[in-house]
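UniProt numbering puts the first residue of the sequence shown at 1, with every later residue one more than the last.
Idealized CB from N, CA, C, for every residue including glycine.
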Amino acid sequence: LFFLSETGGKDRRSGLILTIPLCLEQTSMDELSVTLDYLLSIPSEKCKARGFTVIVDGRKSQWNVVKTVVLMLQNVVPAEVSLVCVVKPDEFWDKKVTHFCFWKEKDRLGFEVILVSANKLTRYIEPCQLTEDFGGTLTYDHMDWLNKRLVFEKFTKESTSLLDELALINNGSDKGTQQERERSMDLNFLPSVDPETVLQTGHELLSELQQRRFNGSDGGVSWSPMDDELLAQPQVMKLLDSLREQYTRYQEVCRQRSKRTQLEEIQQKVMQVVNWLEGPGSEQLRTQWGIGDSIRASQALQQKHEEIESQHSEWFAVYVELNQQIAALLNAGDEEDLVELKALQQQLSDVCYRQASQLEFRQNLLQAALEFHSVAQDLSQQLDGLLGMLCVDVAPADGASIQQTLKLLEEKLKSVDLGLQGLREKGQSLLDQISNQASWAYGKDVTIENKENVDHIQGVMEDMQLRKQRCEDMVDVRRLKMLQMVQLFKCEEDAAQAVEWLSELLDALLKTHIRLGDDAQETKVLLEKHRKFVDVAQSTYDYGRQLLQATVVLCQSLRCTSRSSGDTLPRLNRVWKQFTVTSEERVHRLETAVAFHSTAEKILQECPEQPEAFNDMDQFDEIEAVGKSLLDRLTVPVVYPDGSEQYFGSPSDMASAAEHIREKMKLVSLKKQQLRQPEATTPES
């Protein structure tokens, strides 16, 4: 809510200037009182004797708060305060009230109080001694001063405490018996703070003070005489000198202590390492023999083993350190009993290497078990997936999807084969490692435990083999069924294709087989071609019937209902009946055309001189009747059994065929007239 500061500025009496900025929020008088006490404790008595000028900045506060602060100064620093300048806002206080109140309390306060605007404060204090907040030119960084003050106080406190501790340690090692000195060293060997850190802090503080003193500035902050009074450079130098002296003595004491106890510590630590590795360490390994029956169990055992390894690692680290220390002592040649040191080194190395070998063997065994169980779990999941696929009824949409499903089935079965092969390899590798697990590893007979592990591994492999065999048998059945389904779809597709072919033949018969021939010979050729055409249609129909019969047989074998044969058979029969009716009509027309052309050609080829021609006029009537019948049939559509009708070709095609018949009938009629003319002239002659 507020902060107090001694800016380093001075009034016209060379007294220090104390600034109290107030704000709109509530000001704690207790905190203000404590802060004033702290600030007044910093200057020297000589400085305090010159008195203080207090600036109460009330521009952002209320009058009652300012009044309380001014009255409080009477209780806290009445003797040190010579002048209080209350910086008032420009508009918000009633001048009569404020002047009346200050005059009323003037005698009781003991110091002069002046109400003044910020721009008129220079009447009482020189501008060079005022900060920019009050229109002055004095450069002051409150946070910089506060940080330096905190560093100084921390250094003073830590250095004083450290000096007492170092003096106690050093003095205790200089007097008394050897036993008393050792007890004193045990109790006070380590100071509460790091001497190097305290010395570094002091040197940095002293360097900062000296730099500011001689350069006159620090990052743009002008040097003020207050710094000498507040940060006490001589006090810092004195503390640093005392610290260096005591710390040098302390380092010598430590060196003597280290030299005296180094050998004893090495011997003690060597026995600690050996006793732990041969005792609790070996016992931990003796209790760990299983490999787990699943991935989770193996991981739990690995985690437990890692904990054991972690405990061993701590002792192995001690071993490395001790080995280096012993090697250093052996190389220095300062020790009298080198034989004992070498014996300790050999004993320590033997125990550590033996224990490390046992840990590595156990870790490799657990890793192999985890890999075995991982492969077993993957294989089990593959078998479950394959079994699930086999248990689901096959209902594909077409032969291609069946082929795809069959391919996926074969791939899964192949993957299962590879998985089982991998499981056998991992299992055999694990069995080999278990067989190498001798009693030397943990100092006890592990035959029973090994048998349980071996039985578990072999049981898993046998179970997977049985499951794989069952799946293979089911795959064989499913493969046969799917191949039959492929054949079923093929038959259905081919039967539908036969219907399409027969429909195309029917369409070709109606649209392209329309000519009746220009003479008897051509018509006979067309009739022969039509019979061959009918043979092709008959073969197509028979082929479709055979495919549909095969579909029925396959459906019965698969115990399913064909999705398309029920519709295909009626379509096939319907198209075949339409084709049969159309073919019969075509044959009838061609046979009638053959009879017509044959008779017509016979008549047209007879000579008028032949006497028998005059006696067979009935054939003209017959040919005329056949021609009319053929013309009538060309105009009649083909009527199918379902009542639908269909014409041969287009009307223009039929008109062209009819026109040709009519032309030949005209020729026959003309021939008839020619034959009758001689018959009419004979009686006249």
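Cβ neighbours of residue i in the same chain (closer than 6 Å, five flanking residues each side left out)
i, result
"GLU668", "For the record, residue 668 in the displayed sequence is Val; it is not Glu. So the qualifying residues of the chain are ALA600, ILE603 and ILE623."
"PHE620", "LYS672"
"ALA550", "CYS491"
"GLN325", "ILE266"
"LEU187", "Below a pLDDT of 50, predicted positions are generally treated as unreliable, and LEU187, at 47, falls in that range; the measurement from the model is reported next regardless. Same-chain partners within the cutoff: there are none."
"ALA495", "GLY544, LEU547, LEU548 and THR568"
"LYS664", "ALA600"
"GLY627", "PHE596, ILE661 and MET665"
Bounding residues of the beta strand (DSSP E) (the contiguous stretch that carries residue i)
i, result
"THR19", "16 to 21"
"THR53", "52 to 57"
"VAL193", "Premise fails: VAL193 is in no beta strand (DSSP E) and is neither H nor E."
"SER82", "81 to 87"
"VAL116", "112 to 116"
Chain-order list of residues whose beta-carbon lies under 7 Å from that of residue i (same chain, five-residue window excluded)
i, result
"GLY15", "ARG50, GLY51, PHE52, THR53 and SER82"
"THR487", "According to the sequence as given, residue 487 is Gln; it is not Thr. Within the same chain, GLN487 has close Cβ partners LEU554."
"ASN75", "none"
"GLY219", "In this predicted model, GLY219 has a pLDDT of only 44, less than 50, meaning its place in the structure is not dependable enough to derive any value."
"PHE100", "Only weak support is given to the placement of PHE100: the predicted model assigns it a pLDDT of 47, under 50, and the value that follows is read from those uncertain coordinates. Nothing listed; no residue qualifies."
"SER298", "ILE291, GLY292, LEU366, ALA369, LEU370 and HIS373"
"GLU645", "PRO637, VAL638 and VAL639"
Residue i versus the options, residue with shortest Cα-Cα distance
i, options, result
"ARG559", "LYS481, TRP501, ASN323 and LEU338", "LYS481"
"ASP350", "GLU278, GLY419 and LYS157", "GLU278"
"LEU22", "THR68, ASP417 and ASP519", "THR68"
"GLU591", "GLY544, GLN521, GLN129 and ALA400", "GLN521"
"residue 686", "THR568, SER652, GLU645 and VAL534", "Given that the chain is displayed from residue 1 to residue 685, the structure contains no residue 686 and the question cannot be resolved."
"PRO127", "ILE17, GLU500 and ILE402", "ILE17"
"GLY388", "GLN355, GLN421 and ARG478", "ARG478"
"GLU80", "LEU36, ASP642, SER357 and ASP618", "LEU36"
"ARG574", "VAL339, SER539 and PRO641", "PRO641"
"GLN62", "ILE42, LYS46, ASP90 and CYS47", "ASP90"
"ASP519", "GLN605, ASP393 and SER539", "GLN605"
"GLY281", "SER294, GLN251 and SER313", "SER313"
Residue i, enclosing alpha helix (DSSP H) - first and last residue
i, result
"PHE533", "520 to 558"
"GLU31", "29 to 40"
"LEU630", "618 to 634"
"THR68", "63 to 76"
"GLN288", "Per DSSP, GLN288 belongs to no alpha helix (DSSP H) and is neither H nor E."
"PHE128", "One point to set straight first is that residue 128 is Cys, not Phe, in the sequence displayed. It is not in any alpha helix (DSSP H) - CYS128 carries neither H nor E in the DSSP assignment."
"GLU45", "45 to 49"
Close beta carbons around residue i, own chain, < 8 Å, minus the five adjacent residues each side
i, result
"GLU309", "LEU359 and GLN363"
"VAL273", "TRP315, VAL318, TYR319, LEU322, LEU348, VAL351 and CYS352"
"VAL416", "LEU379, GLN382, LEU383, LEU386, LYS468 and CYS471"
"SER557", "GLN484"
"GLN233", "LEU206, LEU209, GLN210 and ARG213"
"ILE20", "PHE2, LEU4, LEU32, VAL54, ILE55, VAL56, ASP57 and VAL69"
CB contact below 8 Å: residue i versus chain B
i, result
"LEU509", "In the displayed structure, chain B is absent; only one protein chain is listed."
Cβ pair residue i, residue j closer than 8 Å
i, j, result
"LEU506", "PHE579", "yes"
"residue 688", "VAL84", "The requested residue 688 does not occur in the structure, where the chain is confined to residues 1 to 685."
"HIS530", "ARG586", "yes"
"HIS597", "THR523", "yes"
"THR582", "LEU502", "no"
"ARG59", "VAL87", "yes"
"GLU371", "LYS426", "yes"
"LEU205", "PHE152", "yes"
"TYR38", "LEU166", "no"
"VAL460", "ALA376", "yes"
"ARG249", "ASN170", "yes"
"GLN355", "LEU420", "no"
"VAL70", "VAL34", "no"
"SER159", "LEU263", "no"
"LEU240", "LEU199", "yes"
"GLY517", "ALA593", "yes"
"VAL454", "LEU431", "yes"
"LEU121", "PHE134", "yes"
"GLN129", "LYS10", "yes"
Any non-hydrogen atom of the ligand MN within 7 Å of residue i CB
i, result
"GLN673", "The ligand MN is not part of the structure shown, which contains no ligands of any sort."
Enumerated in chain order, which unbroken segments of the alpha helix (DSSP H) with a length of 4 residues or greater are wholly contained in the region 352 to 386? For the region 352 to 386, not one full-length alpha helix (DSSP H) segment reaches 4 residues or more.
Runs of alpha helix (DSSP H) wholly within the region 144 to 168 (minimum 4 residues, chain order): None, since the region 144 to 168 contains no complete alpha helix (DSSP H) of that length.
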